[in-house]
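Inspection log for the structure reproduced underneath, given as structure tokens.
Protein chains in written order, with the working numbering: chain Y, 1040 to 1150; chain S, 181 to 292.
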């Protein structure tokens, strides 16, 4: 089983739609979780951290289910500018062990 | 505020030539530093990481090496480039183990 798995997509949705991405991780000892956004030919940028209680930032909501070992990202009222690849990221161990990046889910928001 | 610089932005090099990519971080001390490579249409592959001066961990055997001569400087090198070394090279830093990474703007390397 891969450490971090994501549906590669692409997800093609109309403007204004709600879209959800899921990500599963293999190590139950994982401690920190993030969603990154990567635009075409650009560097990944931190979108939001994922907290155990779930967290929201505007149109974006992230949730963590430790029992099932998955993380989700919900985008409401999709904008054209949301088109990008969304990377699920997990810290598999504590301390200085590198983060593990999923391969990403591609989203295209269509007018 | 903290910033990370990578250069050059693009590079075209012939097979067999050497490579040196530099990454520097400003506004922080003792950062953890990382080199990633992303092949076209693929995910991020961790190449090297460093938790301090002179401390380098290699994730995959390859044609590349890394060095950290100063606290905020991380260098990726190769003595002889291969076609398969082409890709998007990204440097990243983090303040602690739980804060996520900040990436530089990357170097797009094409080996011809």
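Built from N, CA and C at the ideal position, the CB exists for glycine as well. These numbers were taken from a predicted model, which means no experiment stands behind them.
Option nearest residue 290/S by Cα separation, candidates 234/S, 182/S, 219/S and 242/S = For residue 290/S, the closest of 234/S, 182/S, 219/S and 242/S by C-alpha to C-alpha distance is 219/S.
Short Cβ contact (8 Å threshold) for residue 1099/Y with residue 1086/Y | It is a contact, given that the beta carbons lie within the stated cut-off.
Inter-residue Cα distance where the pair is residue 227/S and residue 1126/Y = Taking the straight line from one Cα to the other gives about 18 Å.
What's the C-alpha gap between residue 1071/Y and residue 1089/Y?
-> C-alpha separation (whole angstroms): 7 Å.
In the DSSP assignment, what residue or residues form a beta bridge with residue 1096/Y?
-> Beta-bridge pairing links residue 1096/Y to 1099/Y.
So, helix, strand or coil for residue 244/S, using DSSP?
-> In the structure shown, residue 244/S adopts coil according to DSSP, grouped into three states.
Members of the region 1103 to 1124 of chain Y near chain S, C-beta cut-off 8 Å = From the region 1103 to 1124 of chain Y, no residue has a Cβ closer than 8 Å to chain S.
C-beta contact flag for residue 236/S and residue 201/S at 8 Å = Taking the C-beta atoms as reference points, residue 201/S is found no nearer than 8 Å to residue 236/S.
Residue 262/S by DSSP, collapsed to three states: which one?
-> Shown here, residue 262/S sits in coil according to DSSP, grouped into three states, outside any helix or strand.
Indicate whether the contact test is met: 3 or more Cβ pairs, each with one atom in the region 190 to 205 of chain S and one in the region 259 to 276 of chain S, closer than 8 Å.
-> These segments touch.
Under the rule that 16 or more other beta-carbon atoms within 10 Å means buried, what is residue 1145/Y, buried or exposed?
-> In this structure residue 1145/Y is buried. Its beta-carbon is surrounded by 16 or more other beta-carbon atoms within 10 angstroms.
Can the beta-carbon of residue 217/S be found less than 8 Å from the beta-carbon of residue 234/S?
-> Taking 8 Å as the cut-off, the Cβ atoms of residue 217/S and residue 234/S do not count as close.
Put residue 1071/Y into one of helix, strand or coil per three-state DSSP.
-> Three-state DSSP puts residue 1071/Y in a strand.
Would you decide whether residue 1069/Y is buried or exposed? Buried here means 16 or more other CB atoms lie within 10 Å of its CB.
-> By the neighbour-count rule (16 or more Cβ atoms within 10 Å), residue 1069/Y is buried.
For residue 225/S and residue 1054/Y, the rounded distance between their alpha carbons = One C-alpha to the other measures close to 32 Å.
Chain Y within 8 Å of residue 227/S, Cβ atoms only = Not closer than 8 Å to any Cβ of chain Y, the Cβ of residue 227/S fails to qualify, so no.
Find out if the Cβ-Cβ distance for the pair residue 192/S, residue 292/S is shorter than 8 Å.
-> Their beta carbons are under 8 Å apart, which means residue 192/S touches residue 292/S by this criterion.
Is DSSP giving residue 197/S helix, strand or coil here?
-> Residue 197/S falls in the coil class under three-state DSSP.
Is the distance from the Cβ of residue 1130/Y to the Cβ of residue 1136/Y below 8 Å?
-> Yes, these two residues count as a Cβ contact at 8 Å.
Give a yes or no on whether the C-beta atoms belonging to residue 287/S and residue 182/S are separated by under 8 Å.
-> Residue 287/S is not a Cβ neighbour of residue 182/S, given a cutoff of 8 Å.
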